[in-house]
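The next block holds one structure in the form of structure tokens; read it before the comments.
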Ligand code: NDP
């Protein structure tokens with residue numbers, strides 16, 4: 001159970017992030033959502049979380065690629081909730097193209113949101129974790145960062161970067177009782193995969209012959225947020241129906 005803990009979930013408005021926010025709240029955690037969605041829409045999501053799970057929830061409009069905005073937002077969350085215990089770096093974007101035709105701006109924006117966003121949030125939460133001698137950092141990577149995927153040079157690079165970041169942070173903060181792990185999902189049914197193409201093509205490649213659900217990733221995130229995983233750090237766990245083995 002996560003009673004009394006406070007979790008930040010970036011990109012928590014929809015898709016995998018929303019499922020993670022809901023799962024952590026169902027286990028008793030208070031939840032702060034960071035996203036770029038409209039404030040009214042986010043307020044509806046957090047008010048549903050509060051009434052469904054009897055916890056405190058609030059949403060903050062913040063672009064994770066903006067270092068200063070992350071710092072200010074984490075300071076506000078710390079004041080509003082009295083501290084942060086769990087950080088789920090989930091916000092992510094794709095701007096797919098072949099490497100020779102990829103615009104520089106599309107390479108930069110994917111690195112800025114996916115990789116630098118994780119760095120910004122870890123930096124903003126890090127001192128609080130060190131002071132408390134407690135923290136659980138969960139970074140959402142991708143199998144694209146493990147195997148590389150054609151058309152995703154920017155995305156694969158950002159997700160491989162997250163894996164390196166995860167291991168460095170795990171080594172730096174391990175002595176302060178802060179765990180840092182990464183989850184590498186395969187194809188999960190969300191808006192992001194809807195934009196990618198025909199489902200049948202994916203299914204042929206997946207040993208379990210089905211797409212994952214956001215709830216599958218949320219269950220794993222909940223395990224990594226819980227004391228049941230206290231001796232696991234620097235790990236990258238695939239959740240991909242066997243796709244990248
Ligand atoms: P979605 O596109 O459905 O949701 C992503 C969320 O992140 C949106 O609410 C989006 O808000 C928010 N977001 C985007 N940019 C920013 C930003 N700069 N600052 C704050 N919030 C932002 O994605 P998924 O749920 O599918 O993916 C979630 C994570 O899982 C991503 O990191 C993705 O790379 C990873 N992943 C997903 C897989 C899949 O198959 N779906 C597979 C492997 C990894 P808005 O749209 O309002 O900007």
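Numbering (the numbering used here), first residue to last: 1 to 245.
The beta-carbon is built from N, C-alpha and C at its ideal position, and this holds for glycine as well.
Residue i: beta carbon under 6 Å from a heavy atom of the ligand NDP?
| i | result |
| --- | --- |
| residue 16 | yes |
| residue 185 | yes |
| residue 198 | no |
| residue 85 | no |
| residue 13 | yes |
| residue 91 | yes |
| residue 192 | yes |
| residue 65 | yes |
| residue 218 | no |
| residue 36 | yes |
| residue 142 | yes |
| residue 45 | no |
| residue 188 | yes |
| residue 169 | no |
| residue 88 | no |
| residue 236 | no |
| residue 74 | no |
| residue 110 | no |
| residue 100 | no |
| residue 113 | yes |
Going by the DSSP bridge assignment, what does residue i pair with across the sheet?
| i | result |
| --- | --- |
| residue 7 | 31, 86 |
Output the residue ranges of the alpha helix (DSSP H) runs that lie fully inside the segment 32-120 and measure 4 residues or longer, sorted by chain position.
-> 39-53, 67-81, 104-110
Could you pull out every unbroken beta strand (DSSP E) segment of at least 3 residues lying fully inside the segment 173-238, listed in chain order?
-> 178-185
How do the segment 75-85 and the segment 16-28 stand: do at least 3 beta-carbon pairs fall below 8 Å, yes or no?
-> no
Kindly provide the ranges of any beta strand (DSSP E) runs that are 3 or more residues long and lie completely inside the segment 135-164, ordered along the chain.
-> 135-140
Would you say the segment 80-100 touches the segment 147-156, given that touching needs at least three Cβ pairs under 8 Å?
-> yes
Touching or not, the segment 204-211 and the segment 132-152, by the rule of three or more beta carbon pairs under 8 Å?
-> no
Hey, is the segment 126-141 in contact with the segment 165-177, meaning 3+ C-beta pairs nearer than 8 Å?
-> yes
Validate contact between the segment 206-226 and the segment 114-124 using beta carbons, cut 8 Å, 3 pairs | no
Does the count of Cβ pairs from the segment 62-74 and the segment 96-116 closer than 8 Å reach three?
-> yes
May I ask you to verify whether the segment 178-193 touches the segment 226-241, counting CB pairs closer than 8 Å and requiring at least 3?
-> yes
Sufficient close CB pairs (3 or more, under 8 Å) joining the segment 215-222 to the segment 122-132 = no
Using 8 Å as the Cβ pair cut-off and three pairs as the minimum, do the segment 40-52 and the segment 186-194 touch?
-> no
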